[in-house]
Each structure stands twice: as C-alpha cells, then as structure tokens.
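Here the sequence shown stands for residues 0 to 277, where the numbers follow numbering that gives the first Met the number 0. Remarks on the structure that follows.
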Amino acid sequence: MNDTRSPLQTVFIYLGALLILVWSGGPFIWQFSTSFQLDKALTSGSPSLIPDPFTLEHYYNAFVEKELHRYVWNSLVVSLATTFLCLFVGSLAAFALSRLNIRGRFGILMVILSVSMFPQIALVGPLYLVATNLGLLDTYTALIITYLALGLPLVTWVLFGYFETLPREIDEAARMDGVSVPGLLWHIILPMSLPSLVTTGLLAFITAWNEFLFALAFTSNIDRQTIPVGIANFTNQYYVPWGDIAAASAVVTVPLIVLVLFFQRHIIEGLTQGGIKE
Numbered sequence: 000m001n002d003t004r005s006p007l008q009t010v011f012i013y014l015g016a017l018l019i020l021v022w023s024g025g026p027f028i029w030q031f032s033t034s035f036q037l038d039k040a041l042t043s044g045s046p047s048l049i050p051d052p053f054t055l056e057h058y059y060n061a062f063v064e065k066e067l068h069r070y071v072w073n074s075l076v077v078s079l080a081t082t083f084l085c086l087f088v089g090s091l092a093a094f095a096l097s098r099l100n101i102r103g104r105f106g107i108l109m110v111i112l113s114v115s116m117f118p119q120i121a122l123v124g125p126l127y128l129v130a131t132n133l134g135l136l137d138t139y140t141a142l143i144i145t146y147l148a149l150g151l152p153l154v155t156w157v158l159f160g161y162f163e164t165l166p167r168e169i170d171e172a173a174r175m176d177g178v179s180v181p182g183l184l185w186h187i188i189l190p191m192s193l194p195s196l197v198t199t200g201l202l203a204f205i206t207a208w209n210e211f212l213f214a215l216a217f218t219s220n221i222d223r224q225t226i227p228v229g230i231a232n233f234t235n236q237y238y239v240p241w242g243d244i245a246a247a248s249a250v251v252t253v254p255l256i257v258l259v260l261f262f263q264r265h266i267i268e269g270l271t272q273g274g275i276k277e
C-alpha cells in the first residue's frame with residue numbers, strides 16, 4: 000500500500016509521537032535525575048533537571064543501608080514463579096477452551112474474567128485469614144498463589160484470543176499424523192504462539208513485580224518483603240528520603256523498560272494478532 004499522507008500530516012504525526020514520548024518519559028527522566036542529586040538540591044526552591052553536583056550517595060544508601068538487593072531478590076523469585084505458573088496454567092486453560100469441544104466455553108471465559116473485577120481491597124481481609132490459618136504468612140507461597148489468581152484471567156483471555164486466530168487445519172493435519180492432544184499443544188500451538196506468550200508473560204511479570212497491597216498485608220520482615228513494600232519502608236515519621244526512593248525506583252524500573260524495549264515487536268504482535276480472526 001502506497002503512503003498517501005501529505006508532508007503536513009507526517010509532521011503532525013511525528014509531533015504527536017514526540018509529545019506522547021515526552022509526556023510518558025518525563026516522569027522517568029525526572030526520577031533518574033533526582034536519584035543523582037543531593038538532598039539539599041531536592042528541597043531547594045528551584046530544583047534542576049541536571050544534577051549539580053552529581054552524586055551516587057542515594058544508590059549507596061539504598062543498597063548498603065536499606066538493603067535494597069534483598070527486596071529485589073524477593074520480587075524476582077515471586078515474579079518469575081508467578082509468570083511461569085500463569086503461562087503454564089493459562090496456556091492449558093486457553094487451549095482447552097479454544098481447541099477442544101467444551102460446551103459453554105464463552106460462559107466459562109466470562110466467569111474467569113469476572114474474577115479480576117473484584118477490588119483488591121475487598122479480598123485482602125479474607126485472604127489474610129486464609130493465609131494465617133494455613134501458616135503461609137511471610138512466605139513466597141502466599142504471594143505466588145495470590146498473584147497467580149490475579150494474573151491468570153488476563154493471561155487466559157489473551158492466549159485464548161491468539162489461539163483462536165490459528166487455523167483449524169493445523170489440528171486436523173496433526174491428528175492425521177498421530178499427534179496427541181498434549182502434543183498438539185506443546186509441539187505445535189505453543190511454538191506458533193510465541194508473541195502471545197511473550198506478551199502475557201511480561202504482563203504477568205510486571206503485575207507481580209509492582210503489586211503492593213497483598214505484599215504489604217502478607218509479609219512483615221525483609222526476608223520476604225518485595226520491592227514496593229521495601230521502598231515504602233524507606234520513609235519514617237519525620238523524614239522522607241526522596242533521593243533514596245528515587246534511586247530505588249530507578250533500579251527497579253530499568254529492568255522493566257529493558258524488557259519491554261527488547262520484546263516490543265512480540266508485544267505488539269501478540270496484542271494485535273489476538274484481535275484478528277482468520
């Protein structure tokens with residue numbers, strides 16, 4: 000298809016993209032700048048975007064004094080475990096609802112989606128009592144199970160939409176070659192669905208990485224607390240260390256930015272392909 004846009008339209012498109020970039024990236028740029036400035040510069044009447052003088056004091060405080068690396072490790076364990084479980088269970092559920100002859104599958108999908116509609120604040124109390132009775136407080140297990148329940152509906156829906164775009168002739172050809180139902184999923188459907196798996200995996204990982212409410216309720220010590228809770232613990236009754244918070248936020252934000260940029264092609268393909276029925 001030939002490009003019929005006029006030069007003026009092209010200018011407006013690029014200008015709009017630049018404004019969106021500045022609007023979206025501005026807070027991150029300011030956050031990184033804050034992490035390299037002294038506390039007295041942050042509380043001055045005219046803060047500057049350019050650190051003067053440049054300092055790594057806040058990164059030292061975050062890692063050495065406040066042990067940020069322990070929170071990062073906890074978040075990494077919980078987020079990776081949640082992601083793999085969401086992909087495993089969600090791919091099985093989406094495959095069954097998409098490729099098998101299940102009566103009322105769209106009703107089942109609506110029930111799955113309705114789970115994510117409950118406000119988290121309404122679930123904290125009951126889940127806290129359950130975790131207490133099962134002895135799961137201050138454990139990775141409590142967080143992983145909770146995050147699995149939160150992320151699974153979205154993972155199932157996105158994978159279901161992508162599986163629906165794959166031609167049914169693939170299933171018939173596989174059965175004629177003697178491929179079993181599990182083999183159809185693991186050896187054919189999943190390899191063809193890599194963009195959707197990357198997309199849903201990243202969404203599940205980011206959801207678990209950033210979750211605060213349940214992590215705050217279910218953990219009470221640094222051995223199991225995740226990054227959002229750890230950063231919240233930086234503050235005290237009389238002082239808010241904005242520089243240390245900015246440094247910790249920068250450290251935990253960079254991996255997410257790198258992951259999204261690295262997998263951006265798969266993310267776009269996974270999100271858009273699921274909306275097209277062949």
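Glycine is no exception: its CB is placed at the ideal position from the N, C-alpha and C atoms.
- For LEU122, the uninterrupted alpha helix (DSSP H) segment begins and ends at 119–132.
- With respect to the C-alpha of PHE27, the residue from VAL110, ALA247 and ILE169 having the closest C-alpha is ALA247.
- Judged by DSSP in its simplified three-state form, MET109 adopts helix.
- Taken through DSSP and simplified to helix, strand or coil, SER45 comes out as coil.
- When the beta-carbon positions are compared, VAL123 and LEU212 come within less than 9 Å of each other.
- C-alpha of LEU20 to C-alpha of LEU260: approximately 14 Å in a straight line.
- The C-beta distance from LEU67 to VAL250 rounds to 7 Å, short enough to meet the 8 Å contact threshold.
- In the three-state DSSP reduction, TYR70 falls in the helix class (H, G or I).
- When only Cα atoms are considered, GLN36 and ASP51 end up about 7 Å apart.
- For MET109, the closest of LEU153, TYR146, LEU99 and ASP137 by C-alpha to C-alpha distance is LEU153.
- In the structure shown, TYR13 adopts helical secondary structure according to DSSP, grouped into three states.
- Using a Cβ-Cβ distance cut-off of 8 Å, the region 127–139 and the region 189–201 are not in contact, since fewer than three pairs of beta carbons, one from each stretch, lie closer than that value.
- Of the other Cβ atoms in all chains shown, fewer than 16 fall within 10 Å of the Cβ of SER47; this residue is therefore exposed.
- The C-alpha of ILE169 lies about 12 Å from the C-alpha of GLY182.
- Annotated three-state conformation of GLN236 is coil, per DSSP.
- Counting other Cβ atoms within 10 Å of its Cβ, SER90 reaches 16 or more and is therefore classed as buried.
- The beta carbons of THR81 and ILE143 sit about 5 Å from each other, so the pair counts as a contact at 8 Å.
- Leaving aside the five residues that flank LEU184 on each side, the residues in its chain whose CB is nearer than 6 Å to its CB run, in chain order, PHE94.
- When the five nearest sequence neighbours on each side are left out, the beta carbons in the same chain lying within less than 7 Å of the beta carbon of ALA173 are those of LEU183 and ILE187, in order along the chain.
- Look at THR225 here: in three-state DSSP terms it is coil, with no helix or strand label.
- Taking the CA atoms as reference points, THR252 sits about 45 Å from GLU171.
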